[in-house]
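Student: Would you mind keeping the following structure in view while I ask a few things?
Residue numbers (my numbering), protein chains in the order written: chain A, 100 to 434; chain B, 100 to 434.
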């Protein structure tokens, strides 16, 4: 076993848009797992927009990261040493791990994965939290009906691309909003979205939207917020559903932002809007995982991953989420 | 039967805050009821904030009123002449009637009421649409649990006062927001609200709210919108519910209004927000009416009505809703 363990710490809490100074790479001794713990060597780290919230002091649905302590996120890795009955050295597992080469972690917080069933990285998106987020948000909150129009912001992200493909399976007309021509082409040509708006090239998002959804919007799956959401919310149909999944446009806000007042529109259209985190649906995870794995194996869900090499590049990969760099799931290959 | 029939027409569509010029009082011959119609003499008219929406051209959940035609609203009256099998002269009925002395109306659109069971005016609020609106909004969307904190804006209005009393029955802590000391006193002393904020006397509604709901808000029943709602939405608890019932602060808006962006707050607290109109729950009206009538008869729901005399004063009574004149249900006694 390697004796030294690289870790990325939260160096200081960022204000507004974070930069590299929020992170610090250090080396420490590799920890020994305690009773019921497992030592895991990380293979891939997931970098996710929600982690920005945990870098701030304000309490949200997840506890804030501590300054001077390693960041933690979804990851897949290999068991190096086990003091837990359910795991053996060599097992592949997924769970929350440090941004580090190795983590000593409670065995009960891990889930075993089977490298023969699907590429292990898919446990971090299609067959993992982003996949489940798409699944429960669209199916449990959105409740799509065949023939309805679904609009997805952040459509080329890890969640958005799954939402769109499930919505197509359900017979919906699917319209994506994304931020580059490469993303637009991918969503249209490879994932068969019915229409995609490149909001960065669009002079008037509201007008562009009106052209592609002349009949209005039945479901809005929102990963983004801001002016994109303003435009969509003003085009909702009666009894529309808004699945409030992410607000990446606002994670770096330093004060209350002003925008169009949307409540009057939500009222007159009898709209249902629901914010959620995937944990709200933990009692149904088995069902979600079963369906997602089935669709994955049947080739009904296509996917794309964006892999950055090297633990030391995890901070930049994370910052790239806010620059809109990634198509599909952003991952870091640790070594 | 009187031959002449006073009617109040929509004279022109108001822009922004309406005034008397939007209305016109005329006299016409009293109509003859056609087959299956009933001629009803109006006793009391209900004036309701939602009618402002129907005075505009924009399509909403109800069709716009037509310029040059009588306004229509909830009313109670007496059958003068019936061509419908279910009604006899002398029956008391409720339904949508013209703002007029007499209306010839399809019998099937009316519901018979029993003057011995409760004052006939209560069919226009506690045992009518405002009561049902309070009932379904609070119980079906809000789903109050004992011990939770419920905040109600427009708390002294026809809907708000019923919401508060049902929430008290369910064991909730009830906080009202209203616009005069008289309203505050009424809600506290006669309806036993736990706390009431006079937003017109409060320098900082957000701070005033923090003082009376230190543990945050579990259910927000919103009749108002605007800055009052901004303050409440920023104090929602995890898994809070927002019952979006009215937005009286915005019914006279001439353009999109700007305000605090609320989606980020709704997201991080996994909030459910639902706009609705009472018609969405029409399949459950019997249940709602049964419970409301029972509570009314048992004295569990107190009520207050504000009666203006004379059909000619209906426009001013309607305008008074936006000035915040009324405590409880605003009615017009036709003659």
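Ideal Cβ positions, reconstructed from N, Cα and C, are used throughout, including at glycine.
1. Given 8 Å as the limit, is there contact between the region 287-294 of chain A and the region 317-326 of chain A, that is, 3 or more CB pairs closer than that?
2. Looking at chain A, which residues of the region 351-384 of chain B have a Cβ within less than 8 Å of any of its Cβ atoms?
3. Could you name each continuous alpha helix (DSSP H) segment of 4 residues or more that falls completely within the region 305-340 of chain A, going from the start of the chain to the end?
4. Find out if the Cβ-Cβ distance for the pair residue 290(A), residue 260(A) is shorter than 9 Å.
5. Do three or more CB pairs link the region 353-362 of chain A to the region 352-360 of chain B at distances below 8 Å?
6. How is residue 395(A) classed by DSSP in three states: helix, strand or coil?
7. For residue 108(B), does the three-state DSSP call read helix, strand or coil?
8. In terms of alpha-carbon separation, which member of 339(A), 402(A), 185(A), 347(A) lies closest to residue 417(A)?
9. In chain order, what are the residue ranges of uninterrupted beta strand (DSSP E) at least 3 long that sit wholly in the region 264-290 of chain A?
10. Does any residue of chain B have a CB that is nearer than 9 Å to the CB of residue 328(A)?
11. Of all the CB atoms in chain A, is at least one closer than 9 Å to the CB of residue 134(B)?
12. Determine, for residue 420(A), whether the minimum Cβ-Cβ distance to residues of chain B falls below 9 Å.
13. Assuming residue 415(A) is part of the alpha helix (DSSP H), what are its boundary residues?
14. Spatial neighbours of residue 202(A) within its chain, please: C-beta separation below 6 Å, excluding the five flanking residues on both sides.
15. Look at residue 327(B) and residue 276(B) and say whether their C-beta atoms are less than 9 Å apart.
16. Roughly how many whole angstroms lie between the Cα atoms of residue 407(B) and residue 151(A)?
17. Taking the C-alpha atoms as reference points, what is the distance between residue 365(B) and residue 255(B)?
18. At which residue ranges does the region 137-196 of chain A contain complete alpha helix (DSSP H) runs of 4 or more residues, listed in the order of the chain?
19. Going along the chain, which unbroken runs of the beta strand (DSSP E) with 3 or more residues stay wholly within the region 235-263 of chain A?
20. Do residue 225(A) and residue 414(A) have their CB atoms nearer than 9 Å?
21. Which residues in chain B sit within 7 Å of residue 256(A), going by Cβ to Cβ distance?
22. For residue 231(A), return the contacting residues in chain C, with the cut-off set at a CB-CB distance below 9 Å.
23. Within this structure, are the beta carbons of residue 345(A) and residue 258(A) separated by less than 9 Å?
24. Using a C-beta to C-beta distance shorter than 7 Å, which residues of chain B count as neighbours of residue 343(A)?
25. Report yes or no: do the region 423-431 of chain A and the region 107-121 of chain B share at least 3 C-beta pairs separated by less than 8 Å?
26. Please classify residue 306(A) as buried or exposed, where buried requires at least 16 other C-beta atoms within 10 Å of its C-beta.
27. Note the first and the last residue of the continuous alpha helix (DSSP H) segment covering residue 129(B).
28. Would you verify that the beta carbon of residue 264(B) is, or is not, closer than 9 Å to some beta carbon of chain A?
29. Output the distance between the C-alpha atoms of residue 187(A) and residue 247(B), rounded to the nearest integer angstrom.
30. Does DSSP put residue 216(A) in a helix, a strand or coil?
31. List the residues of chain A whose Cβ lies closer than 9 Å to the Cβ of residue 275(B), in chain order.
32. Helix or strand or just coil, what does DSSP make of residue 371(B)?
33. Closer than 8 Å between beta carbons: that is the criterion. Which residues of the region 228-253 of chain A meet it against chain B?
34. Against chain B, which members of the region 298-331 of chain A pass a CB distance test of less than 9 Å?
35. Leaving out five residues on either side along the sequence, give the residues of the same chain with a beta carbon under 8 Å from the beta carbon of residue 182(B).
36. Mapping DSSP to helix, strand and coil, what is residue 343(A)?
Tutor: Well, looking at it:
1. no
2. 352, 355, 356, 357, 358, 359, 360, 361, 362, 363, 365, 366, 367, 368, 369, 370, 371, 372, 373, 374, 375, 376, 379
3. 325-332
4. yes
5. yes
6. helix
7. strand
8. 347(A)
9. 272-277
10. yes
11. no
12. no
13. 413-422
14. 139, 196
15. yes
16. 57 Å
17. 26 Å
18. 150-153
19. 248-252
20. no
21. Those do not exist, as residue 256(A) stays about 15 Å from chain B at its closest Cβ, beyond 7 Å.
22. The structure shown contains no chain C; its protein chains are A and B.
23. yes
24. 362, 365, 366
25. no
26. exposed
27. First-last for residue 129(B): undefined, no H or E at that position.
28. no
29. 47 Å
30. coil
31. Correct list: empty, because the minimum Cβ distance to chain A is about 19 Å.
32. strand
33. none
34. 321, 324, 325, 328, 329
35. 132, 133, 134, 135, 136, 137, 206
36. strand
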